[in-house]
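Residue numbers (my numbering): 13 to 432.
Cβ coordinates follow ideal geometry from the N, Cα and C atoms, glycine included.
Please read all numbers here as calculations on a predicted model, not as lab measurements.
Structure record follows, encoded as structure tokens.
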Amino acid sequence: MPPQGSEVDGHGRTIGELSRELNDLQYEYGVLQDMLVEAWIDAGRHGAGEAELRMIVESLPVPVLISRRADGRILFAGGKILPVLGIEASALVGRASSTLYAKRPSIDDALAELDAHGVVHGHELRMRRADGSLFWIAVSLRAVEFRGEEAVLCALVDITERIEMAERLERARQEAEAASVAKSTFLAHMSHELRNPLNAIIGYAEMLVERSDEIDDEEFSEDARRILSVARMQLSIINDSLDLARIEAGRMRLVCERFRVAELVREVVTAARPLVQRNANLFEVSITSGLADASGDPARIRQILLNLLGNAAKFTSEGSVTLATRRCVVDGVATLEFQVRDTGIGMSEEDIAGLFKPFWQAQTPGRHDLTGSGLGMAISRQLARLMGGDIDVTSALEQGSTFTLRLPVDPNFEVLDFAE
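Here it is in structure tokens:
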């Protein structure tokens with residue numbers, strides 16, 4: 013479904029604007045109807061004739077009908093009858109008002125609401141024009157007295173364009189959902205077909221590395237490690253693509269459980285240390301006391317932190333990478349804050365703006381990474397948001413970058429588990 017800020021009607025209006033427009037129209041016509049009733053009553057009180065009353069109705073921008081409450085016969089028709097209904101107002105007088113409405117939704121529902129509340133605003137119905145074509149209207153009803161009889165005053169607003177647009181948007185949403193599910197299914201099958209042989213390659217490559225170390229063959233060992241590195245990189249890209257597809261399709265599986273924060277950080281540090289130190293970087297870790305336990309999906313939190321640390325290490329050389337963890341309160345919510353700081357090459361404003369977009373490749377010299385999928389940061393932010401948090405970044409060229417992951421200590425989800 014198009015987002016709320018997307019133009020949808022060819023005239024620069026968005027879904028949200030159109031919705032507000034319709035609500036405003038219904039409110040305005042409800043006010044007009046109330047004004048009409050007051051003017052009608054006041055005119056009748058002062059003995060005005062129907063000619064004067066018709067002048068009041070003809071000044072309104074909508075069709076107006078008055079029908080006898082007992083049998084629904086139209087006693088009066090005025091306003092913009094011809095442009096909307098395709099028939100002269102005089103030709104409607106004496107007809108049963110029920111013949112103007114389609115069977116479903118029924119006008120009886122609106123009349124029942126009128127009996128219950130004394131007034132109806134914006135009840136959506138379909139009407140029939142003189143040529144037999146159907147169109148949508150928002151009908152407002154009010155009980156009045158006309159020519160000494162109980163009657164119903166009815167003001168009509170043509171909303172066909174908006175109803176049809178809503179139907180088109182719903183069809184587009186359903187088609188998009190179906191396409192997203194199809195993509196996820198395809199990627200799941202593809203990943204299965206590719207991961208099996210890749211896992212075999214990785215297993216054999218690991219055996220070759222061990223064997224080359226045993227026989228002390230440096231050239232053979234270098235080739236085996238290159239095979240292992242490339243295979244692992246390809247497996248990572250496949251896993252990233254599958255994660256992104258699941259997130260986009262709303263099928264990502266998250267499990268909320270209690271975990272020890274300090275223990276999770278130590279596990280992340282152990283896994284990330286070789287990456288950080290590879291470029292002669294100093295790895296600094298700061299864990300404040302009193303972290304205790306928290307709730308969330310520890311596997312996904314580890315995934316996010318390793319991605320942030322991996323990026324920091326990749327673009328920092330002979331500098332430092334710092335992981336700092338603390339508890340704090342943000343907008344009244346107990347929050348876990350993980351901060352990854354580096355002294356690397358930093359990013360331009362353009363790169364910061366595109367950083368969390370899928371497949372984004374940085375434009376800053378030295379940051380264009382041809383070995384990655386361009387999905388890691390997009391996935392990390394989406395995972396953080398699924399867990400009720402977010403990731404922010406501050407950076408400047410040649411001054412390093414700081415990524416801040418904030419997650420609620422007690423998120424409001426237990427298990428998000430979707431069928432594969």
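For residue i, I'd like the list of residues in its chain whose CB is within less than 7 Å of its CB, leaving aside the five on either flank, ordered along the chain.
{"i": "residue 236", "result": "217, 220, 221, 224"}
{"i": "residue 141", "result": "97, 98, 147"}
{"i": "residue 369", "result": "390"}
{"i": "residue 340", "result": "347, 349"}
{"i": "residue 84", "result": "108, 109, 110"}
{"i": "residue 387", "result": "252, 253, 256, 370, 371"}
{"i": "residue 246", "result": "210"}
{"i": "residue 342", "result": "418"}
{"i": "residue 34", "result": "Confidence at residue 34 is low in this model, with a pLDDT of 47, below 50, so the placement of that residue should be treated as unreliable; the coordinate-derived value is given next. Excluding residues within five positions, the ones whose Cβ falls inside 7 Å are 171, 174."}
{"i": "residue 178", "result": "none"}
{"i": "residue 119", "result": "110, 113, 137"}
{"i": "residue 130", "result": "155"}
Which residue marks the beginning of the beta strand (DSSP E) containing residue i, and which one marks its end?
{"i": "residue 272", "result": "269 to 272"}
{"i": "residue 404", "result": "402 to 407"}
{"i": "residue 354", "result": "345 to 354"}
{"i": "residue 94", "result": "Element bounds for residue 94: not the beta strand (DSSP E) but the alpha helix (DSSP H), 93 to 97."}
{"i": "residue 418", "result": "413 to 420"}
Am I right that residue i and residue j are in contact with their C-beta atoms under 8 Å? What's the rounded C-beta distance?
{"i": "residue 156", "j": "residue 168", "result": "16 Å between Cβ atoms; not a contact."}
{"i": "residue 409", "j": "residue 329", "result": "Their Cβ separation, rounded to whole angstroms, is 15 Å, which puts residue 409 and residue 329 out of contact at 8 Å."}
{"i": "residue 407", "j": "residue 358", "result": "5 Å"}
{"i": "residue 395", "j": "residue 315", "result": "7 Å"}
{"i": "residue 288", "j": "residue 345", "result": "That pair is no contact at about 31 Å."}
{"i": "residue 302", "j": "residue 268", "result": "About 22 Å; that fails the 8 Å criterion."}
{"i": "residue 126", "j": "residue 153", "result": "5 Å"}
{"i": "residue 319", "j": "residue 392", "result": "5 Å"}
Ends of the alpha helix (DSSP H) at residue i?
{"i": "residue 321", "result": "310 to 326"}
{"i": "residue 112", "result": "It is not in any alpha helix (DSSP H) - residue 112 carries neither H nor E in the DSSP assignment."}
{"i": "residue 329", "result": "No alpha helix (DSSP H) contains residue 329, which DSSP labels as neither H nor E."}
{"i": "residue 264", "result": "No alpha helix (DSSP H) contains residue 264, which DSSP labels as neither H nor E."}
{"i": "residue 185", "result": "172 to 227"}
{"i": "residue 364", "result": "361 to 366"}
{"i": "residue 399", "result": "No alpha helix (DSSP H) holds residue 399; DSSP gives it neither H nor E."}
For residue i, write down the residues that DSSP places opposite it in a beta bridge.
{"i": "residue 4", "result": "Residue 4 is absent from the model: the chain starts at 13 and stops at 432."}
{"i": "residue 78", "result": "88, 165"}
{"i": "residue 232", "result": "Residue 232 pairs with nothing; no bridge assigned."}
{"i": "residue 148", "result": "138"}
{"i": "residue 371", "result": "In DSSP, residue 371 forms no bridge with anything."}
{"i": "residue 155", "result": "164"}
{"i": "residue 108", "result": "85"}
{"i": "residue 307", "result": "270"}
{"i": "residue 132", "result": "153"}
{"i": "residue 341", "result": "346"}
If I measure Cβ to Cβ from residue i and keep anything under 8 Å in the same chain, skipping five residues before and after, which residues do I get?
{"i": "residue 87", "result": "78, 79, 80, 105, 158, 159, 161, 163"}
{"i": "residue 23", "result": "For residue 23, the predicted model reports a pLDDT of 44, less than 50, meaning its position is unreliable; a value from the coordinates is still stated below. The answer is none, since no qualifying residue turns up."}
{"i": "residue 213", "result": "239, 243"}
{"i": "residue 290", "result": "325"}
{"i": "residue 226", "result": "none"}
{"i": "residue 432", "result": "Residue placement at residue 432 is poorly supported in this model, since its pLDDT is 40, which falls under 50; the coordinates still yield a value, given next. Correct list, in chain order: 200, 263."}
{"i": "residue 135", "result": "121, 122, 125, 150, 151, 152, 153"}
{"i": "residue 276", "result": "310, 313, 314"}
{"i": "residue 143", "result": "98"}
Who are the near neighbours of residue i in its chain, counting only those whose CB is closer than 6 Å to its CB and skipping five residues on each side?
{"i": "residue 195", "result": "257"}
{"i": "residue 117", "result": "137"}
{"i": "residue 300", "result": "338"}
{"i": "residue 438", "result": "In the structure displayed, the chain extends from 13 to 432; residue 438 sits before or after that span and is not available."}
{"i": "residue 298", "result": "336"}
{"i": "residue 414", "result": "353, 406"}
{"i": "residue 91", "result": "69, 72, 74, 75, 76"}
{"i": "residue 271", "result": "310"}
{"i": "residue 401", "result": "418, 419"}
{"i": "residue 399", "result": "308, 419, 423"}
So with Cβ pairs under 9 Å, would you call residue i a contact of chain D?
{"i": "residue 246", "result": "No chain D is present in this structure, which holds just one protein chain."}
message = With three or more beta-carbon pairs closer than 8 Å as the criterion, would you say the region 70 to 78 touches the region 161 to 180?
response = Counting C-beta pairs closer than 8 Å gives three or more between the region 70 to 78 and the region 161 to 180, which meets the contact rule.
key: the region 247 to 254 / the region 282 to 293 touching (three or more Cβ pairs under 8 Å)   = Short answer: they don't touch.
ask   = Would you call the region 195 to 206 and the region 226 to 234 touching, i.e. three or more CB-CB distances under 8 Å?
value = Taking 8 Å as the limit for Cβ pairs, the verdict is that the region 226 to 234 does not touch the region 195 to 206.
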